[in-house]
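Residue numbers (my numbering): 12 to 338.
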C-alpha cells in the first residue's frame, strides 16, 4: 500500500506544473483578471510548491529550529496588552527589528484585523498594513502607521493582488472566509459612517436596492480573484480558514506561529485564551439577502477556489451548502 502511495505521488506531482500552467493560460481570457497575466509569467511560475499536509504543533516544534518569542528584539516603547488583568498585564507589545516581510492577505472582512490582534498578542510584536489607515491607529493598532518592509512588524495586512515583480517567495498567510458572509460584512462596513463602525445595523430595505445587487456581483468576482491569486502565486503559503479560527483560535495561532518560525510562550498563550475578542472583532450577522442567481454565482466562484485549494492540500468548508441553506 505504501509503495502504491509513493508511486501515485510521483505521477501526480509532475502534473501539477502542467495543470497550473493551463490554469494560468485560462486567466488570459477571464474577465476576473487583469491584463498583467501573460503566458510568459505562467511558464515562469508554473512550478509552485505544493504544501505537505498540516503537521501537528508538536511535530513542527521538533522538526526545525524555532525562535523563542522572548528572544525577539524589541525597540521603542512597549505597551501592556491587558493592563486590567493582574495575571496578564506583564505581557507587552511593541516594535521589533530585522523581521522579514510576511503578508497577511485576505479579501476584506475575512477577519484580518482580528487575526492581527491575535498575532500581536501571541508574539508581542505590532502588525501593520499596506494602507496606513488612521481609523485602525485610533482603535489601537499602533503599527498601522509603520510602512511595510521596515522589519519592525510581525505581519503586514493586504487585500491587494500579487503584483508583477513582487517576490513570490515572501511568506504569506491567506485568510479565507465564506464569501457570502464577507459580502454582507463588507456592505455593512461600506455603509458605516466613516467606515469605522464594526457593529452597524442596517435596515433590511438596503438589501433590496440595485446598489446592493451591484455590490454582490463585484464582491463575488473580487473574492475569487484575491483568493485564487494568492493560492496560485505565493510559494510560501499558509491558509487559515476563518471559520476554523473562530472555532479554535489557539490551535490556529499555533499553526501561524509555527509558520512564522516562532516558539510560543505558554504563559502568554494562556492569557490570550482569556482575551480572545480583541479590539475590533465584528458581529456575526445572520441574514440571507441573496437571489438564486447570486447564490449560483457564489457557487461557481467557490468551486473554482476549492479546486485550486486542493493543490495546496487545503480543504475548504462546504460554503456552497452553507449559502444554499442560508446559514
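C-beta: ideal position from N, C-alpha, C; glycine also. A quick note: this is a predicted structure, and the numbers were derived from the prediction, not measured.
**Report entry** Contained alpha helix (DSSP H) runs [length at least 4] in the stretch 186 to 246, N- to C-terminal order
**Finding:** 190 to 202, 221 to 244
**Report entry** Closest residue to residue 141 among 113, 125, 131, 129 (Cα-Cα distance)
**Finding:** If you number the chain shown from 1, residue 141 lands on position 130. The shortest Cα separation from residue 141 among 113, 125, 131, 129 belongs to 113.
Requested in this report: Over the uninterrupted beta strand (DSSP E) stretch that includes residue 100, give me the two end residues.
Outcome: Within the chain shown, the letter at position 89 stands for residue 100. Note, residue 100: premise wrong, no beta strand (DSSP E); not H, not E.
Requested in this report: For residue 93, decide whether its Cβ has a neighbour in chain C, counting only Cβ atoms nearer than 8 Å.
Outcome: The question asks about chain C, but that chain is absent: this structure has only one protein chain.
Report task. Going by DSSP, name the residue or residues bridged to residue 79. Result -> Locating residue 79 in the chain shown gives position 68, counting from the first residue. Note: residue 79 sits in a beta bridge opposite 274.
Query raised in the report: For residue 194, is the classification buried or exposed, using 16 other Cβ atoms within 10 angstroms of its Cβ as the cut-off for buried?
Result: As a first step, residue 194 must be located in the chain shown, where it is residue number 183. Its Cβ being crowded by 16 or more others within 10 Å, residue 194 is buried.
**Report entry** Beta-bridge pairing of residue 91 - partner residues as DSSP gives them
**Finding:** For this step, residue 91 is matched to residue 80 along the chain shown. Partner(s): 103.
Query raised in the report: Is the Cβ-Cβ distance between residue 267 and residue 190 less than 8 Å?
Result: Taking the first residue of the chain shown as position 1, residue 267 is located at position 256. Taking the first residue of the chain shown as position 1, residue 190 is located at position 179. Not in contact: residue 267 and residue 190 (Cβ atoms no closer than 8 Å).
Query raised in the report: Excluding the five sequence neighbours on either side, which residues of its own chain have a C-beta within less than 6 Å of the C-beta of residue 380, listed in chain order?
Result: For the chain, the structure presents residues 12 to 338; residue 380 sits outside this window and is missing.
Query raised in the report: Expressed to the nearest angstrom, what Euclidean distance is found between the alpha-carbon atoms of residue 69 and residue 251?
Result: Along the chain shown, one-based indexing puts residue 69 at 58. Along the chain shown, one-based indexing puts residue 251 at 240. Its pLDDT being 44, under 50, residue 69 is placed unreliably by the model, and the measurement read from it follows with that caveat. C-alpha separation (whole angstroms): 19 Å.
Requested in this report: Determine the closest residue to residue 137 out of 119, 255, 104, 171, with distance taken between C-alpha atoms.
Outcome: Mapped onto the chain shown, residue 137 falls at position 126. The shortest Cα separation from residue 137 among 119, 255, 104, 171 belongs to 104.
Query - Of the listed residues 318, 308, 321, nearest to residue 334 (C-alpha basis) - result: As a working note, residue 334 is residue 323 in the chain shown. Nearest of 318, 308, 321 to residue 334, Cα basis: 308.
Query - Supposed contact pair residue 247 and residue 180 - C-beta distance, whole angstroms, cut 8 Å - result: Start at 1 with the first residue of the chain shown, and residue 180 comes out as number 169. Start at 1 with the first residue of the chain shown, and residue 247 comes out as number 236. The Cβ separation is near 6 Å, so the contact holds.
**Report entry** Outcome for residue 81 when other beta-carbon atoms lying within 10 angstroms are tallied against a minimum of 16
**Finding:** Indexing the chain shown from 1 puts residue 81 at position 70. With fewer than 16 other Cβ atoms within 10 Å, it is exposed.
Query raised in the report: Can you name, in chain order, every residue of its own chain whose Cβ lies under 7 Å from the Cβ of residue 170, other than the five neighbours on each side?
Result: Residue mapping note: residue 170 aligns to position 159 of the chain shown, counting from 1. 117, 118, 119, 237, listed in sequence order.
Query raised in the report: So, residue 132 versus residue 286, is the Cβ gap smaller than 8 Å?
Result: Stepping through the chain shown from its first residue, residue 132 is reached at position 121. Stepping through the chain shown from its first residue, residue 286 is reached at position 275. Against a cut-off of 8 Å, the Cβ pair of residue 286 and residue 132 comes out as a contact.
Requested in this report: Confirm, please, whether the CB-CB distance from residue 115 to residue 187 is below 8 Å.
Outcome: The residue you call residue 187 lines up with position 176 of the chain shown. The residue you call residue 115 lines up with position 104 of the chain shown. No. Outside cutoff.
Query raised in the report: residue 323 and residue 256: beta carbons closer than 8 Å?
Result: Here the question's residue 323 lines up with position 312 in the chain shown. Here the question's residue 256 lines up with position 245 in the chain shown. No.
**Report entry** Exposure label - residue 240; buried when at least 16 CB within 10 Å
**Finding:** Within the chain shown, numbered from 1, the residue matching residue 240 stands at position 229. The residue is buried, with at least 16 neighbouring Cβ atoms inside 10 Å.
Report task. Output the distance between the C-alpha atoms of residue 177 and residue 109, rounded to the nearest integer angstrom. Result -> Start at 1 with the first residue of the chain shown, and residue 177 comes out as number 166. Start at 1 with the first residue of the chain shown, and residue 109 comes out as number 98. In a straight line, the C-alpha of residue 177 is about 20 Å away from that of residue 109.
Requested in this report: Using DSSP bridges, identify the partner residues of residue 249.
Outcome: Counted from its first residue, the chain shown places residue 249 at position 238. Note: residue 249 sits in a beta bridge opposite 184.
Query - Separation of residue 272 from residue 79, as counted between CA atoms - result: Reading the chain shown from its first residue, position 68 is the one you call residue 79. Reading the chain shown from its first residue, position 261 is the one you call residue 272. Going by the C-alpha atoms only, they are around 9 Å apart.
Query raised in the report: Is the beta carbon of residue 164 sitting closer than 8 Å to the one on residue 154?
Result: One-based indexing of the chain shown puts residue 164 at position 153. One-based indexing of the chain shown puts residue 154 at position 143. Against a cut-off of 8 Å, the Cβ pair of residue 154 and residue 164 comes out as a contact.
Requested in this report: Closer than 7 Å by C-beta to residue 260: which residues in its own chain qualify, once you throw out the five before and the five after it? Chain order, please.
Outcome: Counted from its first residue, the chain shown places residue 260 at position 249. 129, 287.
Requested in this report: Report the partner residues of residue 153 according to the DSSP bridge assignment.
Outcome: Residue mapping note: residue 153 aligns to position 142 of the chain shown, counting from 1. Looking at the DSSP assignment, residue 153 forms no beta bridge with any residue, so it has no partner.
Query raised in the report: Near residue 167, what residues of its chain come up, given a Cβ to Cβ distance below 8 Å and the 5 sequence neighbours on each side ignored?
Result: Here residue 167 is taken as the residue at index 156 of the chain shown, counted from 1. Closer than 8 Å at the Cβ level, and outside the excluded window around residue 167, lie 112, 113, 114, 115, 138, 139, 140, 141, 159, 160.
Query raised in the report: For the alpha helix (DSSP H) that residue 316 lies in, which residues bound it at each end?
Result: Taking the first residue of the chain shown as 1, we reach residue 316 at position 305. Note, residue 316: alpha helix (DSSP H), 303 to 321.
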